[in-house]
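Asker:
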């Protein structure tokens, strides 16, 4: 699976969600696995790596327990992916 395809899948799933809603990286892996549902778990490291790249570009936020974390790869435990927070206008 190419990195660009994983990044596109992440962004597409986020675009389907209402503002303020998140996705689980496993949703991305399951969507990419398609009919081969037994194959989604091995895709998780690649999905987290892609999320890390997108977060580094400011295209998404990586959340853990509702708080932004620096790295999807270094986070231990469940994470969620969200659209980036809108800039403050105050």
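Numbering (the numbering used here), first residue to last: -5 to 84.
We put the beta carbon where it would ideally sit given N, CA and C, even for glycine.
Any idea what DSSP makes of residue 73, helix, strand or coil?
Answerer: coil
Asker: For residue 34, collect the residues of the same chain with a Cβ closer than 6 Å to its Cβ; drop the 5 residues on either side in sequence, then sort them by chain order.
Answerer: 23, 24, 27
Asker: Check the DSSP bridge columns for residue 41 and list the partner residues they point to.
Answerer: Answer is none; residue 41 lacks a bridge partner.
Asker: Could you tell me which of 68, 54, 58 sits nearest to residue 80, measuring between CA atoms?
Answerer: 54
Asker: If we call anything under 8 Å between Cβ atoms a contact, is residue 73 one with residue 44?
Answerer: Taking a C-beta distance under 8 Å as the contact criterion, residue 73 and residue 44 do not qualify as a contact pair.
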